[in-house]
Amino acid sequence: MRLSRRQLGALVGAAVLAPQLQGRPAVAAPAWKLMWSPRAGVDGLRAFETIEDDRAGSHPAGAPHISTEGDNFRFTMHTVDRDTSTDRQRHEVTGNRTPGGYLRWLNGETWRLTYSMYIPSSLKATTSFTHIMQTKMPGTGTGPITVTSLRRVNGAQTIEHKIFEQDILVGRTDLVPLQNRWIDIEYEMKIGDGGAGSVRWVVRSAGTTVVDATKTGVDTFLGDRVRPKWGIYRSLGDTSGSLQNCHLLLTDLRAYKLVEATGTRLEAENATISRGVVNSDHAGYSGTGFVNTDNVAGAYVQWAHHAPAAGSATLTFRYANGTTTSRQVAIAVNGASTNVDFPATGAWSTWQNRSITVPLVAGANTIRATAITAGGCPNFDYLEILA
């Protein structure tokens, strides 16, 4: 943001010790509740409902084809691997396993997946199907509901997402610029029969949104329940010479369910502010304004929250980032910090939510958002806490 605006405030460069007002209950509204957040290095393949690693036993010397590698899940495909149908190859995992059992995605519910993915240049788009993520109804003999695929279009390599049975393209972009680097995926599905469903597919690279596409009025339910799948599932019918030994990496997988909930909303303008001011010159904010920090590393906004009991809580930051790149922020809860990206929102008057799940202690908690880079923080409207 413009420094001249900051200079209008007498508090630039100093901490504003705003009164720590008691958070007010937020209006009951849908909220994303974190349901699944496995770590490869801790949970291993127990994170999934089923493991489809060389089901036909075609290449035991190459096992395991699905494994963990640090905090990454790795899928390794060799050209000699074959599925039970020998015209294709498949190494996939399915579902979301938690200590309480498998998550069941049911008709009428809305779910969100987020994860990071590494596609090396050896994993190429093909003229026939190469799926790297699917949603399906459990059971054999059923087609996918949606698919993320690597497909050649007029000879060019692309990554795309489709409603499978209806052959509806949700979004597509060039694959090559996204290879050999980590990219971030956000995927939302409203499960609905007939035309009651919807799908949103977002691809980000280095904090820049490459695809943000939505299709509504689509069929996203076949029966029973919906179950996600990840891995490499490809046809041997490719005519472009693109099949070779390859792999796929996934990390930071999260599954959220949209629930009706009432949380506690803490307005940013009532927080402790270091190196920033309260502004009200961009529309769409809640309360009396929003916090605009200096463009400097170390600027922060700190909230105080009293939790009636210890436990896990979802923190949702409402923010705006009118630049073209993501802003990195260290979110510290009672001193324990994690780095969070706040992607560009397109305009300073366009507000979006960014959620993380953290442990809170019974009683007093401090939640501080500190700018990591010289760009400062995004503009913060409020923090909402759902326990």
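When you line the sequence shown up against this note's numbering, it's residues 11 to 397, in that order.
The beta-carbon is built from N, C-alpha and C at its ideal position, and this holds for glycine as well.
Asked                                                                                                                                                               : Found
Report the start-end ranges of each beta strand (DSSP E) in the stretch 325-359 that is 3 residues or longer and not cut off at the edges.                          : 337-343, 346-352
Starting from the N-terminal side, write out each stretch of the beta strand (DSSP E) that is 3 residues or longer and does not extend beyond the stretch 48-91.    : 60-63, 76-79, 82-87
In terms of DSSP beta bridges, what is Arg285 paired with?                                                                                                          : Beta-bridge pairing links Arg285 to no other residue.
May I ask which residues mark the beginning and end of the beta strand (DSSP E) holding Thr152?                                                                     : Here Thr152 belongs to no beta strand (DSSP E), and DSSP marks it neither H nor E.
From Tyr310 to Val212, what does the alpha carbon distance come to, in whole angstroms?                                                                             : 28 angstroms
Between Phe85 and His75, how many whole angstroms is the CB-CB distance? I'm expecting something under 8 angstroms.                                                 : 7 angstroms
In whole angstroms, what is the alpha-carbon distance linking Gly19 and Ile341?                                                                                     : Unreliable placement is indicated for Gly19, whose pLDDT of 38 sits below 50; the coordinate value is still reported in the next sentence. Approximately 25 angstroms between the Cα atoms of the pair.
If we count Cβ pairs, one from each stretch, closer than 8 angstroms, do we get three or more for the stretch 248-258 versus the stretch 222-229?                   : no
Which whole-angstrom value describes the C-beta separation of Lys445 and Thr120, a residue pair presumed to lie in contact below a C-beta threshold of 8 angstroms? : Here the chain comprises residues numbered 11 to 397, so residue 445 is not present and cannot be evaluated.
Could you check what DSSP says for Val26 in three-state terms: helix, strand or coil?                                                                               : Unreliable positioning characterises Val26 in this predicted model, as indicated by a pLDDT of 43, which lies under 50. A coordinate reading is not provided.
I'd like to check one pair, Gly386 with Ala307: are the Cβ atoms closer than 9 angstroms?                                                                           : yes
Mind checking Thr152: buried by the 16 CB within 10 Å criterion, or exposed?                                                                                        : exposed
Can you give the Cα-Cα distance for Pro388 and Val157, rounded to whole angstroms?                                                                                  : 33 angstroms
Taking the alpha-carbon positions, what's the Ala73 to Gly110 distance?                                                                                             : 30 angstroms
Checking the sheet assignment: what are the DSSP bridge partners for Ile178?                                                                                        : Ile173
Could you tell me which residues DSSP pairs with Val301 in its beta bridges?                                                                                        : Val288, Phe390
Within the stretch 212-245, note down every full beta strand (DSSP E) run reaching 3 residues or more, in order along the chain.                                    : 218-228, 237-245
Within the continuous beta strand (DSSP E) that includes Glu198, where are the two ends?                                                                            : 192-200
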